[in-house]
Amino acid sequence: MKIVVCIKQVPDTTEVRLDPKTGTLIREGVPSIINPDDKSGLEAALRLKDEIGAKVTVITMGPPQAEKALKEALAMGADEAILLSDRAFAGADTWATSSTLAAAIRKLDYDLIIAGRQAIDGDTAQVGPQIAEHLNLPQVSYVEDLERDGDSLILKRVFEDGYHKVKVKMPCLITTLSEMNKPRYMSVSGVLDAYREKEVIKWTLDDIEVNKEHIGLKGSPTKVKKSFTKGAKAAGKKFEVTPQEGAKIIVEKLKEKYII
Amino acid sequence: MNISEYKGVYVFVEQREGEIQKVSLELLGKARELADKLNEKVTAVVLGYDIKDDLNELIYYGADEVLYTDDELLKVYMTEPYTKVLSEVISANKPEIVLIGATAIGRDLAPRVSARIYTGLTADCTSLDIDEENKNLLMTRPAFGGNIMATIVCPDHRPQMSTVRPGVMTICEKDESRIGDIKEFKVELSEKDVNVEILEVVKEEKERINIEEADVLVSGGRGIGQPDNFKMLKELADLLKGQVSASRAVVDAGWIDRDHQVGQTGKTVRPGLYIACGISGAIQHLAGMEESEFIVAINKDPGAPIFEVADVGIVGDVNKVVPLLIEELKMSSVKEEKAQK
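Residue numbers (our numbering), protein chains in the order written: chain A, 1 to 260; chain B, 261 to 601.
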């Protein structure tokens with residue numbers, strides 16, 4: 001079985017804080033991580049590899065430093081890693097990102113493509129389904145459980161009010177939720193392998209066949225018109241008092257506002 | 261693409277078991293406002309099986325016309341049949357704007373459709389408006405975990421597509437005197453369009469948690485120390501006729517079900533009263549609750565970012581303050597009852 005896992009290197013947004021004075025993001029010192037939903041997708045692929053044997057290829061589109069995320073994936077147990085990096089890809093929205101990734105994946109052999117449901121820096125959940133459409137594959141998103149059944153997969157597809165148990169024939173694309181598993185840590189021998197034995201394959205625009213009108217900023221139907229930080233709302237009053245006084249203050253304020 | 265051919269604001273109306281979802285009515289409210297600015301029509305698009313009965317409701321809530329496709333294969337949501345029908349509706353009618361709820365269905369369907377028809381899609385918008393200069397749709401959404409807002413446009417492709425967060429837009433007042441056309445849109449669907457087989461549909465019969473609709477939320481974070489302390493928050497919530505919600509940290513830790521999660525990856529809430537108990541206030545969390553009318557925060561750490569958005573902040577141990585607060589509330593309600601007598 002051949003599995004391609006799409007991952008994204010993202011800033012750990014849970015570590016981001018706002019500068020209370022300027023209202024801007026403090027980006028310094030924010031670590032880069034493999035996006036959590038993607039990491040669970042990788043873990044799901046590695047479990048299939050452990051159980052039934054599979055070749056796991058990870059792929060990412062990003063700047064040269066995204067190689068670090070691929071090294072981590074190799075250290076976790078992936079067999080092959082591809083970094084898709086070119087200035088021509090820069091500024092892509094989800095449409096252009098998915099068309100670029102789809103073009104790269106077309107060069108690979110695969111039974112199953114796994115992408116995380118969404119990235120924590122963009123939260124769009126669009127790239128997975130869009131890759132599936134570009135490759136004309138069936139898609140199942142929001143997957144929380146997966147099991148192989150011959151040339152098909154049996155999946156648990158989650159909704160707000162329940163779930164569907166579905167069966168889909170491979171090749172197909174699924175998007176995974178971080179709730180589905182707890183990704184393994186890198187092993188020492190894995191780290192050694194990742195840095196000594198395994199190479200990250202680097203592809204640029206010249207390595208893939210893609211319509212040049214469908215990549216990067218130019219191939220992106222959506223454009224960012226402006227971005228801004230929400231002006232922080234003025235903080236109210238903060239009381240450093242005993243718990244008893246604290247409780248009284250809350251009740252008073254709620255009465256003042258006619259909430260109780 | 262001649263973008264001037266594209267007219268009208270279309271809303272994908274999501275139904276589950278025949279029941280129209282609230283987010284779709286919210287979208288109709290927003291679509292009405294956008295269409296009035298553009299001087300165009302609002303069209304509600306409904307896909308399902310045996311759904312013809314309630315379609316007038318959509319007119320009452322702001323649509324000028326309803327297009328429906330009725331087919332057994334559309335009874336339960338499946339990606340491909342829905343994508344095929346919605347893509348055909350768009351190709352045949354050339355709408356200028358298409359709005360879809362950012363639900364587990366909408367966020368599966370919308371990207372697939374946008375890739376098929378080659379147009380832009382902006383996810384999880386919290387604000388939509390029309391650019392007065394060129395009539396483009398201005399789609400504003402949170403990014404980077406919630407504290408950067410980005411306004412996105414789709415200048416050269418049509419339709420301009422957007423998914424919209426549930427609970428953000430306002431439903432129009434129901435007006436039963438409104439009239440409009442209800443038309444069938446026929447699409448040939450066959451088993452060939454089904455590439456994912458549904459083996460089982462499971463409705464989870466949990467206690468219906470809808471924190472987006474609560475007027476009072478008592479929300480717990482890591483600072484409450486242990487899962488058992490949610491009982492104390494529940495008691496407080498019951499006294500205030502509210503519900504319990506939670507931060508991502510405690511949901512991830514398995515202390516409480518994900519339905520309770522407030523924040524960028526959880527739900528956006530704007531209750532009348534939000535009591536943050538032991539929540540430090542990561543920007544993702546703040547993004548999901550800072551529009552609440554009145555915010556009370558209780559936290560040990562005087563430097564916790566939650567205090568930046570709180571109307572009243574109590575620096576202290578939440579496990580001491582909340583039981584005392586419960587007592588105070590009980591006492592004050594007893595006093596009131598006596599006074600009324």
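The beta carbon of each residue, even a glycine, is placed where N, CA and C say it ideally should be.
DSSP places HIS164(A) within a strand segment (E or B) once states are collapsed to three.
Positions of the alpha helix (DSSP H) runs, each at least 4 residues long and wholly inside the region 348-390 of chain B, are given as 366-377 in order along the chain. Annotation: the continuous beta strand (DSSP E) that includes PHE239(A) extends over 237-239. Among the bridge pairs identified by DSSP, LEU83(A) is matched with THR60(A) and LYS202(A). Here the region 212-231 of chain A lies against the region 94-102 of chain A, with 3 or more beta-carbon pairs under 8 Å apart.
Spanning the alpha carbons of GLY481(B) and TYR342(B) requires a straight line of approximately 39 Å.
Judged by pairs of C-beta atoms under 8 Å, the region 406-422 of chain B does not touch the region 245-256 of chain A, as fewer than three such pairs exist.
Beyond the five residues adjoining it in sequence on each side, ILE360(B) comes within less than 6 Å, by CB distance, of PHE272, GLY366, ALA370 and THR423 in the same chain, given in chain order.
Taking a Cβ-Cβ cut-off of 7 Å, the neighbours of PHE567(B) in chain A comprise ALA235 and LYS238, given in sequence order. Here TYR534(B) carries a strand assignment [DSSP, helix/strand/coil]. Neighbours of PRO562(B) in chain A, taken as residues at a C-beta separation under 9 Å, are given in chain order as LYS238 and GLU240. Cα atoms of LYS312(B) and SER347(B): separation of roughly 21 Å, rounded to the nearest angstrom.
Annotated as proximal: ASP571(B) and GLY236(A), with beta-carbon spacing under 8 Å. Scanning its chain for C-beta atoms nearer than 8 Å, with the 5 sequence neighbours on each side dropped, one finds no residue around SER592(B). Using a CB distance cut-off of 8 Å, PHE159(A) counts as an interface residue toward chain B.
Put simply, the CB of ALA66(A) is far from chain B, with every gap to its CB atoms at 8 Å or more.
The bridge partners DSSP lists for LEU327(B) are VAL305(B) and LYS443(B). Counting along the chain, no beta strand (DSSP E) covers ILE249(A); the unbroken alpha helix (DSSP H) around it starts and ends at 243-256.
For LYS494(B), no chain A residue has a Cβ inside 9 Å of its Cβ, as the nearest lies near 17 Å away. Pairing ARG292(B) with VAL302(B) gives a Cβ-Cβ distance under 8 Å.
Within the same chain, ILE484, GLY485 and ASN489 come within 7 Å of ASN579(B) by CB-CB distance, once the 5 residues on both sides are set aside. Between the alpha carbons of PHE404(B) and ALA547(B) lies a gap of roughly 11 Å. The DSSP-derived three-state label of ASP310(B) is coil. Counting only the Cα atoms, LYS257(A) lies some 42 Å from ASP368(B). For TYR185(A), no Cβ of chain B is located within less than 8 Å of the residue's own Cβ. Look at the region 98-131 of chain A: the residues with a C-beta under 7 Å from a C-beta of chain B are SER98, ILE120, ASP121, GLY122, ASP123, THR124, ALA125, GLN126, PRO129 and GLN130.
Contact between ARG372(B) and ALA383(B) does not hold, since the beta-carbon distance rounds to 13 Å and is not under 8 Å. LEU84(A) is positioned such that its CB atom lies no closer than 8 Å to that of ILE131(A).
In the three-state reduction of the DSSP assignment, VAL569(B) falls in the coil class, being assigned neither a helical nor a strand state. Burial state of ILE439(B) is exposed, judged by a 10 Å Cβ sphere holding fewer than 16 other Cβ atoms. Among the CB atoms of chain B, one or more fall inside 8 Å of the CB of ASP93(A). Of all residues in the region 161-194 of chain A, only ASP161, GLY162, TYR163, HIS164, LYS165, VAL166, LYS167 and VAL168 come within less than 7 Å of chain B when Cβ atoms are compared, listed by chain position.
The three-state reading of DSSP puts TYR342(B) in helix, counting H, G and I together. In the pairwise beta carbon analysis, the region 549-559 of chain B is classified as not touching the region 268-284 of chain B: fewer than three pairs are separated by under 8 Å. For a Cβ distance threshold of 9 Å, residue set ALA235, GLY236, LYS237 and LYS238 of chain A lies close to ALA570(B), ordered along the chain. Its chain contains ILE7, LYS8, VAL10, GLY116, ALA119 and ILE120 as the residues whose beta carbon lies nearer than 7 Å to that of ASN35(A), once the 5 sequence neighbours on both sides are disregarded; these appear in chain order.
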